[in-house]
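In the numbering used here, the protein residues as written are 3 to 283. C-beta atoms are modelled at their ideal positions from N, C-alpha and C, and glycine is treated no differently. This structure is a prediction, so every number in the text was calculated from the model and none was measured. Below you'll find the structure, written out as structure tokens, and then a few comments.
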Ligand SMILES: [Zn+2]
């Protein structure tokens with residue numbers, strides 16, 4: 003362990019002129035070669051691309067439900083992570099998927115709403131995805147790519163070229179590669195961190211943190227039959243559920259504090275989430 007720390011210090015010293023070495027809120031060392039501005043731009047570009055390529059839900063009740071939960075969460079995101087409004091889009095797709103991107107972007111697929119039973123479980127998903135953004139995981143992942151051979155391409159893209167064939171690589175680096183056929187899961191360390199940060203964030207936002215455990219248990223059941231794509235990047239294993247259970251006491255305290263303020267979120271899941279338009283006969 004000590005050797006790793008020494009290596010990390012030397013490594014950071016070498017890179018200091020180009021980069022920043024930092025620590026995540028759970029105490030992990032991070033190498034971030036990109037500025038927040040660069041990351042926010044990449045997030046925005048990827049999001050615009052997805053909005054062009056994937057149908058957007060126009061169902062009023064579905065949109066109201068997702069926006070209600072997402073807004074309650076983003077109201078509690080520190081402005082150091084994102085200044086200004088968050089853009090929330092409901093994609094009309096049966097894929098079980100959701101994501102958040104640097105630059106204040108959240109995408110929720112209608113398919114995942116058939117798995118999340120209520121506002122609390124959807125808050126667990128959104129909290130987790132926003133957790134990846136808060137901890138700047140995309141920056142780390144893109145930085146790791148940049149430092150590897152494959153990363154040279156990504157670096158070239160990030161350092162200026164705007165219309166690039168390999169834009170898919172960005173998208174993968176940002177964690178939304180699934181629908182582009184470039185599955186690149188976050189590391190286990192990133193997943194654990196997003197789980198903890200997400201659980202605290204949902205609790206601070208007025209959602210019951212124990213719903214995160216129920217959610218992953220449901221996901222786990224689902225993945226036994228036909229694993230959805232979301233599950234290939236977010237395996238709902240026992241370790242994950244154990245860790246969320248272990249952290250529950252801390253998140254519960256945050257929830258009880260929030261409860262004292264009244265005006266708790268009251269987001270009602272519509273009884274019917276319409277099937278994607280393209281699937282309707
Ligand atoms: Zn994740």
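Rounded Cβ spacing between residue 249 and residue 201 (contact assumed at less than 8 Å): About 6 Å separates the CB atoms of residue 249 and residue 201; that is less than 8 Å, so the two are in contact.
Residue 196: CB within 7 Å of a non-hydrogen atom of ligand 1: yes
So residue 131 and residue 195 are supposed to be a Cβ contact under 8 Å. How far apart are they, rounded? At roughly 12 Å, the Cβ-Cβ gap does not stay under 8 Å, so residue 131 and residue 195 are not in contact.
Could you round the C-beta distance between residue 111 and residue 98 to whole angstroms and report it? I think they count as a contact, below 8 Å. 7 Å
By a C-beta neighbour count over all protein chains shown, 10 Å radius and 16 as the cutoff for buried, is residue 265 buried or exposed? exposed
What is the DSSP secondary structure of residue 110, counted as helix, strand or coil? strand
By how many angstroms is the C-alpha of residue 256 removed from the C-alpha of residue 207? 9 Å
Where DSSP assigns a beta bridge to residue 89, which residues make up the other side? 107
First through last residue of the beta strand (DSSP E) which encompasses residue 207: Unbroken run through residue 207: none, as it is neither H nor E.
What separation, rounded to the nearest whole angstrom, lies between the Cα atoms of residue 89 and residue 76? Rounded to whole angstroms, residue 89 to residue 76 spans 10 Å at the Cα level.
Between 41, 221, 61 and 66, which has its C-alpha nearest residue 117's C-alpha? 221
Rounding to the nearest angstrom, what Cα-Cα distance links residue 273 and residue 120 in this structure? When rounded, the distance between both Cα atoms is 10 Å.
Roughly how far, in whole angstroms, is the beta-carbon of residue 53 from the beta-carbon of residue 91, given that I think they are within contact range, below 8 Å? 6 Å
For the putative contact between residue 102 and residue 135, defined by C-beta atoms under 8 Å, what is the C-beta separation to the nearest angstrom? 5 Å
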